[in-house]
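Peer 1: Just dropping this structure here.
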Amino acid sequence: MSDIAIRAEELTKSFRGVHAVAGVDLEVPAGSLVGLIGPNGSGKTTTLNLLGGAIRPDSGSIAVRGDRVSGRSSAAFVKAGISRTFQNPRVFSTLTALENLLVPVLHSRGGRATLRAKAEALLEFVGLAAHRDTAASELSGGQQKLLEFVRALMTDPRIVLMDEPFAGVHPSVKVLMRERIAERNESGTAFIIVSHEIPDLTRLCSTVVCMAAGKVIAAGTPDAVIGHPEVVEAYLGHGPASRGERG
Ligand code: ADP
Ligand code: MG
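Structure follows, in structure tokens:
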């Protein structure tokens, strides 16, 4: 058994000539929390889609705890312990909050009462217990994100992929989201989190990876990556030297 939760090697994915992901290597140690940053269009969402099995790479491989999953069905990725959330939450709007949580485990062997108790505990975990029977469409955008987060936990994933969990949510929801992610991470779940909210992200993660134009341009501690000249260049379109010239 590998102590690497997920390892991607030389991943590539193009869309009609656009090299969205152009040779990405990524390694996420078990139980770690990796932040994925980079300017718009740098390939972050495509990378999450590849790692979650939603789309297949043109080339390269993905292994979960040493077992190759790339090329297999998205169900195989779930079975391997990968779960994810989306930039715009994809909740089942006509189902209640509780029913939303039961969807990923519809075909699981767990007893109904056990699954229901687990779902209720997770709703409680993110402050949604009172909304158990509320249709998801009636929840605020932030609450839908919290709901989607705990729905992703119903399958007891080893690694959760999250796309912009802090974007467009009320500051209080942001704090709750951050705390709950940290709690779950402390109990051993690994995360890859894409976020533009760099202060929120760097408070959480031990490692930051920055992409630009489909490639990883820097990886390391948050401070090292944020201050990396290539990262500054990628975000600003000019390096620290030219910033200096501008005075
Ligand atoms: P990010 O999440 O970093 O903003 P994306 O992974 O969404 O970047 O996109 C990377 C590049 O791939 C962009 O140029 C985007 O327009 C392109 N792209 C992403 N998905 C598709 C798609 N389904 N069809 C065509 N082009 C796509
Ligand atoms: Mg994106």
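Counting along the sequence shown from 1, when you hit position 114 you're at 113 in numbering that gives the first Met the number 0, and nothing is skipped either side. Backbone N, C-alpha and C define an ideal beta-carbon position, used for all residues, glycine too.
Take Ile5 and list the residues in its own chain whose beta-carbon comes closer than 6 Å to its own, dropping the five residues that flank it on each side.
Peer 2: Cβ within range, chain order: Val27, Val63 and Ile158.
Peer 1: Within the same chain, show all residues whose beta-carbon is closer than 7 Å to that of Thr154, passing over the 5 residues directly before and after it, in chain order.
Peer 2: Closer than 7 Å at the Cβ level, and outside the excluded window around Thr154, lie Val77, Ser82, Pro103 and Val104.
Peer 1: Could you please give me the residues that DSSP links to Cys209 through a beta bridge?
Peer 2: Answer is Ile36 and Ala217, bridged to Cys209.
Peer 1: Taking the alpha-carbon positions, what's the Met176 to Leu145 distance?
Peer 2: For Met176 and Leu145, the distance between alpha carbons rounds to 7 Å.
Peer 1: Helix, strand or coil, according to DSSP, for Phe124 in the structure here?
Peer 2: Note: Phe124 maps to helix in three-state DSSP.
Peer 1: Take Asp132 and list the residues in its own chain whose beta-carbon comes closer than 8 Å to its own, dropping the five residues that flank it on each side.
Peer 2: Excluding residues within five positions, the ones whose Cβ falls inside 8 Å are Thr95, Ala96 and Leu97.
Peer 1: Here's a check: name, in chain order, each residue in its chain whose Cβ is nearer than 7 Å to the Cβ of Pro156, leaving out the five neighbours to either side.
Peer 2: Cβ within range, chain order: Gly80, Ile81, Ser82 and Thr188.
Peer 1: Return the residue from the list Thr93, Gly59, Leu121 and Gly219 that minimises the CA-CA distance to Arg183.
Peer 2: Answer by Cα proximity: Leu121.
Peer 1: Return yes when the Cβ of Gly59 is within less than 7 Å of the Cβ of Thr11, no when it is not.
Peer 2: It is a contact, given that the beta carbons lie within the stated cut-off.
Peer 1: Any idea which residues DSSP pairs Pro28 with across the strands?
Peer 2: The partner list for Pro28 (beta bridge, DSSP) reads Ile3.
Peer 1: Check for me: the alpha helix (DSSP H) holding Ser249 runs from which residue to which?
Peer 2: This structure cannot settle anything about residue 249, because the visible part of the chain is limited to 0 through 246.
Peer 1: For Ser73, which of Pro88, Arg55 and Gly65 has the nearest alpha-carbon?
Peer 2: Looking at the Cα atoms, Arg55 is the closest of the given residues.
Peer 1: Below 6 Å, is the gap between the Cβ of Thr44 and the nearest heavy atom of ligand 2?
Peer 2: Yes; taking the cut-off as 6 Å, the Cβ of Thr44 has a heavy atom of ligand 2 nearer than that.
Peer 1: Do Asp2 and Ala29 come within 7 Å of each other at the CB atom, strictly closer than that value?
Peer 2: Going by C-beta atoms, Ala29 is nearer than 7 Å to Asp2.
Peer 1: With which residues is His18 paired in a DSSP beta bridge?
Peer 2: According to DSSP, which records beta bridges pairwise, His18 is partnered with Ser13.
Peer 1: What does a CB cutoff of less than 8 Å around Asp57 pick up in its chain, not counting 5 residues either side in sequence?
Peer 2: Once the five neighbours on either side are set aside, the close Cβ partners of Asp57 are Thr11, Lys12 and Ser13.
Peer 1: Any chance the CB of Asn39 is under 6 Å from a heavy atom of ligand 1?
Peer 2: True, at least one ligand heavy atom lies under 6 Å from that Cβ.
Peer 1: Say yes only if the C-beta of Val68 is nearer than 6 Å to one or more non-hydrogen atoms of ligand 1, and no if none qualify.
Peer 2: Incorrect: Val68 has no Cβ contact closer than 6 Å to ligand 1.
Peer 1: So, at 8 Å on beta carbons, what are the nonlocal neighbours of Leu101 in its own chain, with the 5 sequence-adjacent residues on each side left out?
Peer 2: Excluding sequence neighbours, Leu101 sits near Leu114, Arg115, Ala118 and Met153.
Peer 1: Output the boundary residues of the beta strand (DSSP E) element that contains Ile249.
Peer 2: Any answer about residue 249 is impossible in this case: the structure gives the chain only from 0 up to 246.
Peer 1: Alpha carbon to alpha carbon, how far is Gly22 from Ala212? Give it in angstroms, no decimals.
Peer 2: So the alpha carbons of these two residues sit roughly 10 Å apart.
Peer 1: Is Ala19 close to ligand 1? I mean its beta-carbon at under 6 Å from any heavy atom of the ligand.
Peer 2: Under cutoff, so the answer is yes.
Peer 1: For ligand 1, any of its heavy atoms closer than 6 Å to the Cβ of Phe14?
Peer 2: Result yes, Cβ under 6 Å from ligand 1.
Peer 1: Taking the C-alpha atoms as reference points, what is the distance between Ser69 and Glu9?
Peer 2: Spanning the two alpha carbons is a distance of roughly 12 Å.
Peer 1: Name the DSSP bridge partner or partners of Thr95?
Peer 2: Answer by DSSP bridge pairing, in chain order: Ala134.
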